[in-house]
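Down below is the structure, laid out as C-alpha cells.
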Amino acid sequence: MKQDSRLVVKNVRVQPGRVWNDGADRVSVSAVVFTPNENAAIERVEADFAVWRPDGLSPLTFHPETGLRETREGLYSGSFAVPLLADPGPVSLPIVAVDSLGASGSGEAPVLVSYRRPPYEGSILDPPNRAALDALSSTRAVAGNRVEALDQGNRAFEKRMALVRQARRQINLQTYSLAAEGRCERLVEAILEKAAQGVEVNLLLNLGSQLAVSPLTPLRIGLGRVGRELQGLLREMEAALEAGQGFWGAVKQVQEIFQKSESWARGLRVLLVDDEAILGSERKAGERGRRSQRWLAKMSSDRSELDRARATRPTDWFFRVIGPERLTNLPLLTYAVHEKILVVDGSKAVVGGRNLEDRYFTYWIDKDLYLEGPIVADIQRGFLRSWEAFSRNSGKDLPALACDEPIDPAGPLEVRFVQSRPWLGEYHALECLVTAIQMARRRICVATQYVVLPEGLLREALLDAASRGVEILVLTNSYETGQEVGFAGGYLVSLDHCQDLLQHGIRVYEIVAPEGEGMPRPYLHTKEFLIDGEWAAVGSFNLSLRSSYIEAENLVSVEDRGFATAQEEAFLQRLRRDAREVTVSSIQEQRQRLGARLNLAKHLELLY
Numbered sequence: 006m007k008q009d010s011r012l013v014v015k016n017v018r019v020q021p022g023r024v025w026n027d028g029a030d031r032v033s034v035s036a037v038v039f040t041p042n043e044n045a046a047i048e049r050v051e052a053d054f055a056v057w058r059p060d061g062l063s064p065l066t067f068h069p070e071t072g073l074r075e076t077r078e079g080l081y082s083g084s085f086a087v088p089l090l091a092d093p094g095p096v097s098l099p100i101v102a103v104d105s106l107g108a109s110g111s112g113e114a115p116v117l118v119s120y121r122r123p124p125y126e127g128s129i130l131d132p133p134n135r136a137a138l139d140a141l142s143s144t145r146a147v148a149g150n151r152v153e154a155l156d157q158g159n160r161a162f163e164k165r166m167a168l169v170r171q172a173r174r175q176i177n178l179q180t181y182s183l184a185a186e187g188r189c190e191r192l193v194e195a196i197l198e199k200a201a202q203g204v205e206v207n208l209l210l211n212l213g214s215q216l217a218v219s220p221l222t223p224l225r226i227g228l229g230r231v232g233r234e235l236q237g238l239l240r241e242m243e244a245a246l247e248a249g250q251g252f253w254g255a256v257k258q259v260q261e262i263f264q265k266s267e268s269w270a271r272g273l274r275v276l277l278v279d280d281e282a283i284l285g286s287e288r289k290a291g292e293r294g295r296r297s298q299r300w301l302a303k304m305s306s307d308r309s310e311l312d313r314a315r316a317t318r319p320t321d322w323f324f325r326v327i328g329p330e331r332l333t334n335l336p337l338l339t340y341a342v343h344e345k346i347l348v349v350d351g352s353k354a355v356v357g358g359r360n361l362e363d364r365y366f367t368y369w370i371d372k373d374l375y376l377e378g379p380i381v382a383d384i385q386r387g388f389l390r391s392w393e394a395f396s397r398n399s400g401k402d403l404p405a406l407a408c409d410e411p412i413d414p415a416g417p418l419e420v421r422f423v424q425s426r427p428w429l430g431e432y433h434a435l436e437c438l439v440t441a442i443q444m445a446r447r448r449i450c451v452a453t454q455y456v457v458l459p460e461g462l463l464r465e466a467l468l469d470a471a472s473r474g475v476e477i478l479v480l481t482n483s484y485e486t487g488q489e490v491g492f493a494g495g496y497l498v499s500l501d502h503c504q505d506l507l508q509h510g511i512r513v514y515e516i517v518a519p520e521g522e523g524m525p526r527p528y529l530h531t532k533e534f535l536i537d538g539e540w541a542a543v544g545s546f547n548l549s550l551r552s553s554y555i556e557a558e559n560l561v562s563v564e565d566r567g568f569a570t571a572q573e574e575a576f577l578q579r580l581r582r583d584a585r586e587v588t589v590s591s592i593q594e595q596r597q598r599l600g601a602r603l604n605l606a607k608h609l610e611l612l613y
C-alpha cells in the first residue's frame, strides 16, 4: 500500500490563549496525532519554540489512555514556561509530528503574548537587579576600570590617533563606514604605517554601508597603498560594469581581488562583511534567528511597495534622488553589523556611536567611551568572536592574535559590555536595555538618531515605564538636522512614533539647526541610555526595530552613580542649550507641511 507522507495533527489546543512575558507564566499545548501509514508508529511530537528561544523543539508527552499504545497515536500534551521578555503580540507555535517511517505533519498553536513587567524593586545597582542584568544579557559587570566619555569630536579623533600610534602588537577596528578623507585620512595613514611596522591590523567593515560611503577606502587599505595595483583594480571594476554585471557584481569581483592581494601576508587584513560572512554559504546561522524573521519579511514587503510606487510615480522626490541601480544611504534588507569598536594590544578600547568619517569628528553630535582595565578583555573577545566567525563563513582562515594577557585594574568603575547577534538568536543588547528600563524608578534619558518603534518589546517597556510615573526624555533629530542623512528620511519615519510616545506621556526633544545659509547641521548620531543617574549605556544601539532585531549592536554600560550622574547632567544641559521640545501640535504642523513625503515614509520605517 502506498504510504502517505503527511501525518494528521488536529484538535490543537492552547491554554491559556493569552500569556504574559514577565517570566512567571506558562502555556499548555495539546494535539491529537495520527499516522495514515501502515506499520508505522508515532516517533515524536514536539512544540517548536524557536520564535522564543534558539534551542527550538520541546517534546510533548503521549497519553496512552487516549489512543493506541502500539502506534502511539492519540493525545499529546505539554506545559512550558513562557520566556521572560518574549516579544509581545500574536504567535503561532508549530506542533511537529514524525512517524517511524519518516513521514511528518504539523499544526499551529496560536498564542497571544502580552507585556508585563517583572516585580523589580530598589535601585538598578542593587545586587538582585545586577544579577537579573547578568542573566538577561549573558554578561557580567567587571570591576577595576577607567572610563572617559568622548563627547567632543576632536577629542574622540585624537584619542583614536593616540591609540593607533601606541600600538605594538595588534589593532582591531570595526566600523559601519570608513572614509579616507579629511582628518580620517590621517587615521588611515597611521594604520597603514603600523601595518608596515609589523603590527597585526584586523579591520571589519559592513559591506553595504561601506560601499555607499566610500567604496575605494577598503581597496586602499587592503592594498596598503595607492598605486598601479589600485588603478588595475579600478580597471577591473570598469570592465565588469561594461560586461553588464551591474554595480554589485563589479564590487564583488573587486572585493575578491583585493582580499587576495599581497598585503594580506603583511598582517593587514580587511573583511567586508556581507550576507555570506554573517550567515555562511549555506545560511545555517540565520536559522537560529527566528525571532527576526517577521521583521525581515516586513522589510521585504515594504521594499516591494517602494518598487510599485517607483513604477507608478517615478518623478516623486524620493525616486528622483534614488534610482533603481544606485547605492543609497538606506540600510540593506538583511542582517547587518552596526558595531563600532577599536581595541589596541588587547588593553585599551574605544566603543560608541562614531563611524570613521570626517563629519563624525567635526560638526556631528556623537559619543564614545574610552576604556582601560579588565573590561577591555570582554571587548577584545567580542571583536575576535566576530572576526573568526565572519572570516570562517567567508571561506578564509584568518586567525588573530588573542592578546589575552591579564589586564590590571585601571580605575574604580564597574562596566558591562553587551553584544547582540540576531541571526544566532542572541538579542542581549535589547534584553539588557529593556531590563534596565524596567528597573527605572525616577528618570530615563535617551539620545537616539531616530525613533522607529511601531511595536515590540522596547516600545512596551518605555510606555510601561511612563505609566509608572518614570520621567522619560528622548532627544533626536529635527527635520533640519535630519537633512544630513537620506534627505531626512529618518526624521520622516520617526514622526509617527514620536507622536505615539508623546501621547503616552514621554517627552521628546529635537536638535535645533543653526540659522544661516550654508551653516553645518549638527546631526545627532549619539546612542545613549541613562537610568536614574545610576546606570549609563553608550554604544551603537538606536531606538529602532533594526537595532532590536536585525543588526549586530553593542552597549557599554557603566554602573556607577558618579559617572551616570555626570552623563545625565551633560544630557540635560544639551536639552537646554541645543534642543526644543516637540509637541503634538508641532507634529501636526509638520504633517501639513510635508504631506506626501510622510505617506511614502511609512514604507521606509523598517529600513532604519
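In the working numbering, the protein residues as written are 6 to 613. Built from N, CA and C at the ideal position, the CB exists for glycine as well.
For the alpha helix (DSSP H) containing residue 385, name the first residue and the last one.
Looking up residue 385 in the sequence shown gives position 380. Here the alpha helix (DSSP H) through residue 385 covers 380-398.
Select from 396, 384, 552 and 403 the residue whose C-alpha is nearest the C-alpha of residue 205.
Residue numbering aside, residue 205 sits at position 200 when the sequence shown is read from its first letter. Residue 205 has its Cα closest to that of 403, out of 396, 384, 552 and 403.
For residue 76 and residue 12, what's the separation of their Cα atoms in angstroms?
In the sequence shown, residue 76 corresponds to position 71, counting from 1. In the sequence shown, residue 12 corresponds to position 7, counting from 1. Whole-angstrom Cα-Cα distance: 13 Å.
Under DSSP, the beta strand (DSSP E) around residue 450 begins and ends at which residues?
Position 445 of the sequence shown holds residue 450. In the DSSP annotation of this structure, the continuous segment of the beta strand (DSSP E) that includes residue 450 starts and ends at 448-452.
Return the first residue and the last residue of the beta strand (DSSP E) that residue 486 is part of.
To locate residue 486, count along the sequence shown from 1; it is residue 481. Unbroken run through residue 486 is the alpha helix (DSSP H), 484-487; no beta strand (DSSP E).
First and last residue of the uninterrupted beta strand (DSSP E) at residue 481:
Start at 1 with the first residue of the sequence shown, and residue 481 comes out as number 476. Where residue 481 is concerned, the enclosing beta strand (DSSP E) stretches over 476-481.
Check whether the Cβ atoms of residue 555 and residue 395 sit closer than 8 Å, and answer yes or no.
Within the sequence shown, residue 555 is the residue found at index 550, counting from 1. Within the sequence shown, residue 395 is the residue found at index 390, counting from 1. No, the Cβ-Cβ distance between residue 555 and residue 395 is not below 8 Å.
Find out if the Cβ-Cβ distance for the pair residue 19, residue 112 is shorter than 8 Å.
Working through the sequence shown from its first residue, we reach residue 19 at position 14. Working through the sequence shown from its first residue, we reach residue 112 at position 107. Cβ atoms of residue 19 and residue 112: not closer than 8 Å.
Helix, strand or coil: how does DSSP classify residue 440 here?
Here residue 440 corresponds to residue number 435 of the sequence shown, with the count starting at 1. DSSP places residue 440 in helix when its eight states are reduced to three.
Sheet register partners of residue 422 (DSSP bridge)
For the purposes of this step, residue 422 is identified with residue 417 of the sequence shown, where counting begins at 1. Its beta-bridge partners are 561.
May I have the straight-line CA-CA distance separating residue 301 from residue 202, to the nearest angstrom?
By 1-based counting over the sequence shown, the position of residue 301 is 296. By 1-based counting over the sequence shown, the position of residue 202 is 197. Computed Cα separation, rounded: 44 Å.
In the DSSP assignment, the beta strand (DSSP E) including residue 15 goes from what residue to what residue?
Numbered from 1 along the sequence shown, position 10 holds the residue referred to as residue 15. Where residue 15 is concerned, the enclosing beta strand (DSSP E) stretches over 13-20.
Which first and last residues belong to the alpha helix (DSSP H) in which residue 139 is found?
Position 134 of the sequence shown holds residue 139. Per DSSP, the continuous alpha helix (DSSP H) segment holding residue 139 begins and ends at 132-142.
Identity of the residue in 68, 25 and 81 nearest residue 57 by Cα
Residue numbering aside, residue 57 sits at position 52 when the sequence shown is read from its first letter. Of the candidates 68, 25 and 81, the one whose C-alpha sits nearest the C-alpha of residue 57 is 25.
What is the DSSP secondary structure of residue 431, reduced to helix, strand or coil?
For the purposes of this step, residue 431 is taken as residue 426 along the sequence shown, with counting starting at 1. Three-state result, residue 431: strand.
Does the beta-carbon distance from residue 419 to residue 279 come in below 8 Å?
The residue given as residue 419 occupies position 414 in the sequence shown. The residue given as residue 279 occupies position 274 in the sequence shown. Result no, Cβ atoms of residue 419 and residue 279 do not sit closer than 8 Å.
Is residue 584 near residue 514, with beta carbons less than 8 Å apart?
For the purposes of this step, residue 584 is taken as residue 579 along the sequence shown, with counting starting at 1. For the purposes of this step, residue 514 is taken as residue 509 along the sequence shown, with counting starting at 1. In this structure, residue 514 lies closer than 8 Å to residue 584 by Cβ.
Just to confirm, is the Cβ distance from residue 103 to residue 97 under 8 Å?
As a working mapping, residue 103 is identified with position 98 in the sequence shown. As a working mapping, residue 97 is identified with position 92 in the sequence shown. No.
Label residue 304 either buried or exposed according to how many other C-beta atoms from any shown protein chain fall within 10 Å of its C-beta, with 16 as the threshold for buried.
As a position in the sequence shown, residue 304 is number 299, starting the count at 1. Flag for residue 304 reads buried.
For the beta strand (DSSP E) that residue 1 lies in, which residues bound it at each end?
In this structure the chain extends from 6 to 613, so residue 1 is not present and cannot be described.
Exposure label - residue 590; buried when at least 16 CB within 10 Å:
As a working note, residue 590 is residue 585 in the sequence shown. Residue environment: residue 590 is assigned as exposed (fewer than 16 neighbouring CB atoms within 10 Å of its CB, all protein chains considered).
Looking at the structure shown, is residue 365 part of a helix, part of a strand, or coil, going by DSSP?
Mapped onto the sequence shown, residue 365 falls at position 360. In the structure shown, residue 365 sits in a helix (DSSP, three-state: H, G or I).
In terms of DSSP beta bridges, what is residue 353 paired with?
Locating residue 353 in the sequence shown gives position 348, where the first residue counts as 1. In the DSSP output, where bridge partners are listed per residue, residue 353 has 349 and 377.
Are the segment 63-70 and the segment 119-129 touching, with three or more C-beta to C-beta distances below 8 Å?
At 8 Å Cβ cutoff, the stretches do not touch.
Residue 575, enclosing alpha helix (DSSP H) - first and last residue
Counted from its first residue, the sequence shown places residue 575 at position 570. Note, residue 575: alpha helix (DSSP H), 566-583.
Go ahead and label residue 391 buried or exposed: buried means 16 or more other beta carbons lie within 10 angstroms of its beta carbon, across all protein chains shown.
For this step, residue 391 is matched to residue 386 along the sequence shown. Per the 10 Å Cβ criterion, buried.
Just the Cα atoms here: how many angstroms apart are residue 568 and residue 487?
Position 563 of the sequence shown, counting from 1, holds the residue named residue 568. Position 482 of the sequence shown, counting from 1, holds the residue named residue 487. When rounded, the separation of the alpha-carbon atoms in residue 568 and residue 487 is 30 Å.
Is it the case that the Cβ atoms of residue 415 and residue 425 are separated by a distance below 8 Å?
Indexing the sequence shown from 1 puts residue 415 at position 410. Indexing the sequence shown from 1 puts residue 425 at position 420. A distance of 8 Å or more separates the beta carbons of residue 415 and residue 425.
Using a 10 Å radius around the Cβ and a threshold of 16 neighbouring Cβ atoms, would you call residue 180 buried or exposed?
Here residue 180 refers to the residue found at position 175 when the sequence shown is read from its first residue. A buried status is given to residue 180, since no fewer than 16 other beta-carbon atoms sit within 10 Å of its beta-carbon.
Taking the alpha helix (DSSP H) that residue 587 falls in, what are its first and last residues?
By one-based count along the sequence shown, residue 587 stands at place 582. Segment: none, residue 587 is in no alpha helix (DSSP H) and carries neither H nor E.
Kindly indicate which three-state DSSP category residue 202 falls into: helix, strand or coil?
In the sequence shown, residue 202 corresponds to position 197, counting from 1. Assignment of residue 202 by DSSP, reduced to helix, strand and coil, places it in the coil class.
Straight-line gap, residue 593 to residue 479 (C-alpha atoms, nearest Å)
Counting from one through the sequence shown, the residue named residue 593 turns up at place 588. Counting from one through the sequence shown, the residue named residue 479 turns up at place 474. C-alpha of residue 593 to C-alpha of residue 479: approximately 19 Å in a straight line.
Mark residue 274 as exposed unless 16 or more other C-beta atoms lie within 10 angstroms of its C-beta, in which case mark it buried.
Position 269 of the sequence shown holds residue 274. Under this definition residue 274 is a buried residue.
Span separating the alpha-carbon of residue 682 from that of residue 94
There is simply no residue 682 to check, as the chain begins at 6 and stops at 613 in what is shown.
Of the residues 563, 503 and 523, which one's Cα is nearest the Cα of residue 586?
Working through the sequence shown from its first residue, we reach residue 586 at position 581. Measuring from the Cα of residue 586, the nearest candidate turns out to be 503.
Could you pull out every residue in the same chain whose Cβ sits closer than 6 Å to the Cβ of residue 86, ignoring the five residues on either side in sequence?
Along the sequence shown, one-based indexing puts residue 86 at 81. So the list reads 31, once near-sequence residues are dropped.
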